[in-house]
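Trainee: Numbering (the numbering used here), first residue to last: 9 to 398.
C-beta atoms are modelled at their ideal positions from N, C-alpha and C, and glycine is treated no differently.
Here the structure is a predicted model, which is why all the values come from computation and not from measurement.
Let me begin by handing over the structure; questions about it come next.
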Amino acid sequence: MPQAIYLIFIALLGLTTPLFAQEIDSSKNLVPNPSFEYYFECPEHLEAIRFRKIPFWVANPGNCTPDYFNECGRRGYRVPKNRCGVLTAKNGHAYVGMILRVGHPEGDPMGWYYREHITVKLKSPLKKNFRYVAQMQVALSTYANYAIANIGMLFTPTARRIKWNTFYEAQVVTPRGKFLDKADQWVLVRDTIVAKGGETFLTIGEFNTLENSQIKKITESRKYRKKFNFNRAYYYIDDVSVVELGMVIIDTLPRITIQQKPSIPKIEFKSNFGKITQGEPIILKNIFFEFAKARLLPESFPELNKLVALLKKYPQIQIKIQGHTDNVGTHARNQQLSEKRAQSVVNYLIKKSVQSKRLKAEGFGETQPIDTNQTKQGRQNNRRVAFVVL
Numbered sequence: 009m010p011q012a013i014y015l016i017f018i019a020l021l022g023l024t025t026p027l028f029a030q031e032i033d034s035s036k037n038l039v040p041n042p043s044f045e046y047y048f049e050c051p052e053h054l055e056a057i058r059f060r061k062i063p064f065w066v067a068n069p070g071n072c073t074p075d076y077f078n079e080c081g082r083r084g085y086r087v088p089k090n091r092c093g094v095l096t097a098k099n100g101h102a103y104v105g106m107i108l109r110v111g112h113p114e115g116d117p118m119g120w121y122y123r124e125h126i127t128v129k130l131k132s133p134l135k136k137n138f139r140y141v142a143q144m145q146v147a148l149s150t151y152a153n154y155a156i157a158n159i160g161m162l163f164t165p166t167a168r169r170i171k172w173n174t175f176y177e178a179q180v181v182t183p184r185g186k187f188l189d190k191a192d193q194w195v196l197v198r199d200t201i202v203a204k205g206g207e208t209f210l211t212i213g214e215f216n217t218l219e220n221s222q223i224k225k226i227t228e229s230r231k232y233r234k235k236f237n238f239n240r241a242y243y244y245i246d247d248v249s250v251v252e253l254g255m256v257i258i259d260t261l262p263r264i265t266i267q268q269k270p271s272i273p274k275i276e277f278k279s280n281f282g283k284i285t286q287g288e289p290i291i292l293k294n295i296f297f298e299f300a301k302a303r304l305l306p307e308s309f310p311e312l313n314k315l316v317a318l319l320k321k322y323p324q325i326q327i328k329i330q331g332h333t334d335n336v337g338t339h340a341r342n343q344q345l346s347e348k349r350a351q352s353v354v355n356y357l358i359k360k361s362v363q364s365k366r367l368k369a370e371g372f373g374e375t376q377p378i379d380t381n382q383t384k385q386g387r388q389n390n391r392r393v394a395f396v397v398l
C-alpha cells in the first residue's frame, strides 16, 4: 500500500516532471517498476494494464488486455488467489497475467491469432557492444489448459506496435520444444545479449507467427472449463530485469545455431461446408465444366458462392484449389485439364473480389483417385474440385 500512496503524493505536489520519469528503482536494473509493485489503483477488473493502472508498462498492441494482480486487489484480482489461478508473487506483492496464445478459440476461429504483450521504456538505452543480462520470472497459471514453448523479450530502439500474426526476432527466447507446462511454478527465463546500441524499449510476449508458434494442450480434464483462462496459454510475469555487464568484443562470442522442425498447429472451425481442418481437402459439390474443357457451367455458381462467403467471413485465411480427373485420356492431358479447371475456380473467386494473393491453384490429373475408375459413378467421383485451408 505505501507504493500507491507515494505515487499519489507526487501527483498532488504538482511536480513538473511527469510521473513516468520518476526514478523509483535506484539499482542497476534498467527496467522501471520491474516487479509491478507500483500502481495507480488496486486492480478491480481485468484489462488493468490497458487502462494504465500501473506506471511505465503498457499493453501492446493497445487493444489487447493483459491483466494486473496485487495483494491489495478486489476479490478475483488478488495475489495469491485470483480468477486465473493461485500463486504467490515471485518478488513482492504483485504480478502481471497475459494470454500468450489461444488454444481453442471461442466463436470466430480468427481468435487463434490473438496474443498479448506488455512494453516498457527502459531507464536508459542499451549501449552498443555492451553485454546485458536480461531475465524475467514466468509461470503458467493454474487454470490454463494450454502451454507454449516460445516466450521472449524483444528489445527495440523505438516503441513498436506488435501485430498479431507477424514474426519478431526476440533477443531472449525460450528454446523451441521446451514447453513451460508446469502450472504454479516460477521459471527463470534468462540470457546474455549484446546490444546493437540504442535499444530503448522492452516488450515481453510470444513473437512467432501462428504457423510457427508452438502450443500444446496440457490435459483432457475439464475441471477448470468454466475459468476465464481455461482455453488459453495464460502466464504470469514477475521480476523483470536488464542489467549491464560491460563491453565485449563481438567477434570473440561463439555462435550457436539450433534448427528444429517447427510444430504447426492446425486450425479447425465449423462452416457451411461442415468442419474445416487446416491442410485437409474439402470437396466442392456440384461443380460442373463443359465436357473435356475448363469452362465453368452456371450450375457451379451456388457452391462457389458459398466458398466466396467463407473467404469474406474469414479474410485472413488462404486456400489452395485442387483439380482432379478420372483416368480417361492421356496422363499429360489429364494433368493439364486438372490444372486449368483449378485455375478456372480461382479466376471465379477473384471476380467475386477475393484477393488473388489468398488463392493458389494446383492440378493432380488422375493421380489421386478417391473411387474406382472401372465404373461410371466411380469416374464421376474422381472428377472433382476441392479446396484446402493453408
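Just checking my contact of Lys-105 with Thr-150 at CB under 8 Å: how many whole Å lie between their CB atoms?
Mentor: Mapped onto the sequence shown, residue 105 falls at position 97. Mapped onto the sequence shown, residue 150 falls at position 142. Strictly speaking, residue 105 in this sequence is Gly, with Lys absent from that position. Incorrect: roughly 11 Å between the Cβ atoms, too far for contact.
Trainee: Ala-302 to Ile-327, Cα distance in whole Å?
Mentor: Counting from one through the sequence shown, the residue named residue 302 turns up at place 294. Counting from one through the sequence shown, the residue named residue 327 turns up at place 319. Near 20 Å, if we compare the C-alpha coordinates of Ile-327 and Ala-302.
Trainee: If you follow the alpha helix (DSSP H) that Ile-223 is in, where does it begin and where does it stop?
Mentor: Indexing the sequence shown from 1 puts residue 223 at position 215. Here Ile-223 belongs to no alpha helix (DSSP H); instead the beta strand (DSSP E) covers 223-225.
Trainee: Ignoring anything shorter than 3 residues or poking outside the region 196-237, list the beta strand (DSSP E) runs there in chain order.
Mentor: If we require 3 residues or more, the beta strand (DSSP E) runs fully inside the region 196-237 come out as 209-213, 223-225.
Trainee: Report the residue ranges of all beta strand (DSSP E) runs contained in full by the region 59-118; include only those spanning at least 3 residues, in chain order.
Mentor: Within the region 59-118, the complete beta strand (DSSP E) runs of at least 3 residues are 66-68, 75-78, 102-110.
Trainee: Over what stretch of residues does the beta strand (DSSP E) that includes Arg-139 continue unbroken?
Mentor: In the sequence shown, the residue the question calls residue 139 occupies position 131. Run containing Arg-139: 138-148, per the beta strand (DSSP E) assignment.
Trainee: Could you tell me which residues DSSP puts in a beta bridge with Ile-245?
Mentor: As a position in the sequence shown, residue 245 is number 237, starting the count at 1. In DSSP, Ile-245 forms a bridge with Val-104, Val-146.
Trainee: Tell me whether Leu-38 sits in a helix, a strand or coil according to DSSP, three-state version.
Mentor: Residue mapping note: residue 38 aligns to position 30 of the sequence shown, counting from 1. DSSP places Leu-38 in coil when its eight states are reduced to three.
Trainee: Would you be able to state if there are at least three C-beta pairs under 8 Å between the region 50-59 and the region 152-168?
Mentor: Counting Cβ pairs under 8 Å, fewer than three are found: no touch.
Trainee: Quick check: the Cα distance between Ala-167 and Phe-209, rounded to an integer number of angstroms?
Mentor: The count along the sequence shown starts at 1 and reaches residue 167 at position 159. The count along the sequence shown starts at 1 and reaches residue 209 at position 201. Ala-167 and Phe-209: Cα-Cα distance of roughly 6 Å.
Trainee: Determine which residues share a DSSP beta bridge with Glu-370 and list them.
Mentor: For the purposes of this step, residue 370 is taken as residue 362 along the sequence shown, with counting starting at 1. Paired residue(s): Gln-330.
Trainee: Looking only at its chain, what residues have a beta carbon closer than 8 Å to the beta carbon of Gly-213, apart from the 5 residues adjacent to it on each side?
Mentor: Here residue 213 refers to the residue found at position 205 when the sequence shown is read from its first residue. Excluding positions up to five away in sequence, the list reads Asn-68, Met-106, Leu-108, Arg-123, Glu-124, His-125, Ile-126, Ile-159, Gly-160, Leu-162, Ile-170.
Trainee: Where does Ile-325 fall in DSSP's three states?
Mentor: The sequence position of residue 325 within the sequence shown is 317, counting from 1. Three-state DSSP puts Ile-325 in coil, outside helix and strand.
Trainee: In terms of alpha-carbon separation, which member of Val-353, Asn-355, His-332 lies closest to Gln-344?
Mentor: Along the sequence shown, one-based indexing puts residue 344 at 336. Selected option, being the one with the closest Cα: His-332.
Trainee: What separation, rounded to the nearest whole angstrom, lies between the Cα atoms of Val-393 and Ser-308?
Mentor: Counting from one through the sequence shown, the residue named residue 393 turns up at place 385. Counting from one through the sequence shown, the residue named residue 308 turns up at place 300. Cα to Cα, the separation comes out at about 11 Å.
Trainee: Please say whether Ala-203 and Lys-135 have beta carbons closer to each other than 8 Å?
Mentor: The residue given as residue 135 occupies position 127 in the sequence shown. The residue given as residue 203 occupies position 195 in the sequence shown. Contact: yes.
Trainee: Run through the DSSP bridge pairs and tell me what Phe-395 is partnered with.
Mentor: Position 387 of the sequence shown holds residue 395. Paired residue(s): Ile-290, Ile-329.
Trainee: In the DSSP assignment, the beta strand (DSSP E) including Ala-300 goes from what residue to what residue?
Mentor: The residue labelled residue 300 in the question sits at position 292 within the sequence shown. First-last for Ala-300: undefined, no H or E at that position.
Trainee: Could you tell me the distance, in whole angstroms, from the CA atom of Val-316 to the CA atom of Val-397?
Mentor: Position 308 of the sequence shown, counting from 1, holds the residue named residue 316. Position 389 of the sequence shown, counting from 1, holds the residue named residue 397. Computed Cα separation, rounded: 13 Å.
Trainee: Could you give the distance in angstroms between the alpha-carbon of Leu-196 and the alpha-carbon of Pro-323?
Mentor: As a first step, residue 196 must be located in the sequence shown, where it is residue number 188. As a first step, residue 323 must be located in the sequence shown, where it is residue number 315. Each residue's alpha carbon lies about 39 Å from the other.
Trainee: Run through DSSP, which three-state label would Phe-309 get?
Mentor: Taking the first residue of the sequence shown as 1, we reach residue 309 at position 301. Of the three classes helix, strand and coil, the one that applies to Phe-309 here is helix, per DSSP.
Trainee: From the DSSP output, in three-state form, read off Ala-402 for me.
Mentor: There is simply no residue 402 to check, as the chain begins at 9 and stops at 398 in what is shown.
Trainee: In its own chain, which residues sit with a C-beta less than 7 Å from the C-beta of Asn-381, not counting the 5 before and 5 after it?
Mentor: In the sequence shown, counting from the first residue as 1, residue 381 sits at position 373. Once the five neighbours on either side are set aside, the close Cβ partners of Asn-381 are Asp-334, Asn-335, Arg-387, Asn-390.
Trainee: So what does DSSP say about Glu-252, is it helix, strand or coil?
Mentor: Taking the first residue of the sequence shown as 1, we reach residue 252 at position 244. Looking at Glu-252 - three-state DSSP - the assignment turns out to be strand.
Trainee: Starting from Gly-386, follow the beta strand (DSSP E) in both directions and report where the run begins and ends.
Mentor: Along the sequence shown, one-based indexing puts residue 386 at 378. Run containing Gly-386: none in the beta strand (DSSP E); it sits in the alpha helix (DSSP H), 384-390.
Trainee: Report, in whole angstroms, the separation of the C-beta atoms of Asp-199 and Lys-98, which I expect to be a contact under 8 Å.
Mentor: Position 191 of the sequence shown, counting from 1, holds the residue named residue 199. Position 90 of the sequence shown, counting from 1, holds the residue named residue 98. Actually they do not touch by this definition, with Cβ atoms about 18 Å apart.
Trainee: Look up Leu-319 in the DSSP assignment and say whether it is helix, strand or coil.
Mentor: Residue numbering aside, residue 319 sits at position 311 when the sequence shown is read from its first letter. Correct three-state label for Leu-319: helix.
Trainee: Verify whether the separation of the beta carbon atoms of Trp-65 and Val-146 is less than 8 Å.
Mentor: The residue you call residue 65 lines up with position 57 of the sequence shown. The residue you call residue 146 lines up with position 138 of the sequence shown. Not a contact, by the Cβ cut-off of 8 Å.
Trainee: Specify, as a first and last residue, the run of the beta strand (DSSP E) that Val-128 falls within.
Mentor: Here residue 128 corresponds to residue number 120 of the sequence shown, with the count starting at 1. Per DSSP, Val-128 belongs to the beta strand (DSSP E) from 125-129.
Trainee: With the cut-off set at 8 Å, would you say Ala-7 and Val-181 are in Cβ contact?
Mentor: A query on residue 7 cannot be resolved here, the shown segment of the chain reaching from 9 to 398 and no further.
Trainee: Since Ile-62 and Tyr-46 are thought to touch, with beta carbons under 8 Å apart, how far apart are those beta carbons, to the nearest angstrom?
Mentor: Taking the first residue of the sequence shown as position 1, residue 62 is located at position 54. Taking the first residue of the sequence shown as position 1, residue 46 is located at position 38. At roughly 7 Å, the Cβ-Cβ gap stays under 8 Å, so Ile-62 and Tyr-46 are in contact.
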